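Numbering (my numbering), first residue to last: 782 to 950. Have a look at the structure below before the remarks.
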């Protein structure tokens with residue numbers, strides 16, 4: 782929570798977007814007796830097609846909030862939201878594969894999710910996609926295009942991208 786809040790305070794657009802959800806999850810964790818009930822409500826909304834609920838449910842599966850931790854179920858719910866066009870869910874999938882969070886590192890799969898999210902102007906995806914492209918990880922190396930995606934992320938408020946542009950040659 783503190784890192785997300787710091788990023789939001791620093792102007793990171795993605796952090797500003799997800800901060801309310803992270804804050805709510807922190808509050809929810811303090812009431813474990815309510816976790817199963819909260820999980821059931823979110824699952825119902827997710828099953829009804831609510832994209833925010835689908836992402837939240839995926840997060841619950843990752844964290845084991847109100848349910849046993851299950852990365853495969855999390856991926857399934859992120860994919861439902863991503864397949865419906867949700868750029869944040871696409872980015873989250875990219876991060877899972879890029880960083881190997883609960884799955885083996887797979888840069889090709891990370892690129893598969895980052896690219897469409899980046900094209901939808903999702904700043905975190907633009908930055909991550911740009912970095913991978915700049916270094917030629919999971920995609921053909923292209924310094925110019927990598928810088929351009931990082932620049933787009935900076936223009937969309939990513940403080941990380943703004944700092945990265947200062948160091949890229």
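Built from N, CA and C at the ideal position, the CB exists for glycine as well. Computed from a predicted model, the values in this text were never measured in an experiment.
Under the three-state reduction of DSSP, residue 801 is assigned to helix. When DSSP states are grouped into helix, strand and coil, residue 933 belongs to the helix group.
By a beta-carbon distance limit of 8 angstroms, residue 938 does not contact residue 927. Their separation comes to about 19 angstroms. Counting C-beta pairs with one atom in each stretch, the stretch 843-863 and the stretch 817-831 have three or more that are closer than 8 angstroms, which means they touch. Straight-line measurement puts the Cα of residue 852 at about 19 angstroms from the Cα of residue 802. Here residue 946 has 931, 932 and 935 as same chain residues with Cβ atoms under 7 angstroms from its own Cβ, once five neighbours each way along the sequence are excluded.
Annotation for residue 893: the continuous alpha helix (DSSP H) segment containing it runs 888-900.
If you ignore the 5 residues before and after residue 867, its C-beta comes within less than 8 angstroms of the C-beta of 832, 835 and 836, all in its own chain and listed in chain order.
At the C-beta level, residue 842 and residue 826 stay beyond 9 angstroms of one another.
Per DSSP, the continuous alpha helix (DSSP H) segment holding residue 875 begins and ends at 868-880.
With a contact defined as Cβ atoms closer than 8 angstroms, residue 903 and residue 941 miss out at about 14 angstroms.
In the structure shown, residue 911 adopts helical secondary structure according to DSSP, grouped into three states.
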